[in-house]
Every structure is written in structure tokens, then in C-alpha cells.
Amino acid sequence: MKLSNIFIFILIFIGMTGCSGSNSPESVAKTFTEAFYTADFKKAKSLCSNDSKEVFDQLEEMLSDETTEAIKSADVKATVVSCELSDDQKTAIVKLSVINTVDITGRIQKKPKLQDVQLKKKDGKWEVIFKIK
Numbered sequence: 000m001k002l003s004n005i006f007i008f009i010l011i012f013i014g015m016t017g018c019s020g021s022n023s024p025e026s027v028a029k030t031f032t033e034a035f036y037t038a039d040f041k042k043a044k045s046l047c048s049n050d051s052k053e054v055f056d057q058l059e060e061m062l063s064d065e066t067t068e069a070i071k072s073a074d075v076k077a078t079v080v081s082c083e084l085s086d087d088q089k090t091a092i093v094k095l096s097v098i099n100t101v102d103i104t105g106r107i108q109k110k111p112k113l114q115d116v117q118l119k120k121k122d123g124k125w126e127v128i129f130k131i132k
């Protein structure tokens, strides 16, 4: 009897982790944020709306090679704090706590900072709306 209970538990666990999916607004926002803060602009760009993609070309031109290398070596960690879905479930704002980011001078920032990521759902997939303020 115990073996069957363990088997059922494993099946439930696998099912639950599968439901969270890599296309939830939280998952997309977390992946985007970690890619952005480690200068993996190709990955970050792939998660953005078409309107947002051109910003990354500008960012790559602005960063020096030294700063880019420092950013790529950072051990950035993003943790979802909250997710607010619109009533129609087509837009979301995900708030994340991000640590170990690198500032423009190349110094690692250990203090957590809060980051809001706006997303919209297009053709069943969540896309990041990214703009430089």
C-alpha cells in the first residue's frame, strides 16, 4: 500500500510542476529579467513583443565590452514577489526581487532591488513589454 501511495505522490508532483509551465507570466518575467541582467540579450529579446525588440540593439551598442563581460559573469537571481493579472487575463505586471545585478560602472549590487515587468498575452503566449524610461 505504501508503494502505491508514493507512486501517486510522484505522479501528482510531476503533474503540478507541469501545470506551472514555462509560459506563465511569472516564468516569462523571471526568465526575461535574469537574461536582461546577465546581458543575454538574444534570450531577453526572444521573450519581448515586436515593438520592444529594437531597444536591445541600442543597449548592445551602448555597453562597453568590459561592462558587458562583467554583466555576463554576474550571478543574478530573480524571485517573483507578486503577479497582477488584468480582469481579461490579457495583461500582467510581475514584480520581482533581483539581486547581484551589475551597475553601469561594472560593480555588483548585492542589495535586492524591485523590478516590475509588464507583459501582454498574444496568440496564447506571454510577451514582455520593454521600454527604456
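Counting along the sequence shown from 1, when you hit position 70 you're at 69 in numbering that gives the first Met the number 0, and nothing is skipped either side. We put the beta carbon where it would ideally sit given N, CA and C, even for glycine.
Pick from Ala91, Arg106, Trp125 that is closest to Glu83, judged by C-alpha positions
Ala91
Selected residue, minimal CA-CA separation from Pro24, among Tyr36, Cys47, Glu68, Ala38:
Cys47
Is Asp87 helix, strand or coil when you go by DSSP?
coil
Close Cβ partners of Thr37 (< 7 Å) along its chain, the five nearest in sequence each way excluded:
Ile70, Lys71, Ala73, Val75
Please classify Lys41 as buried or exposed, where buried requires at least 16 other C-beta atoms within 10 Å of its C-beta.
exposed
Could you pull the DSSP bridge partners for Val93 from this structure?
Cys82, Val116
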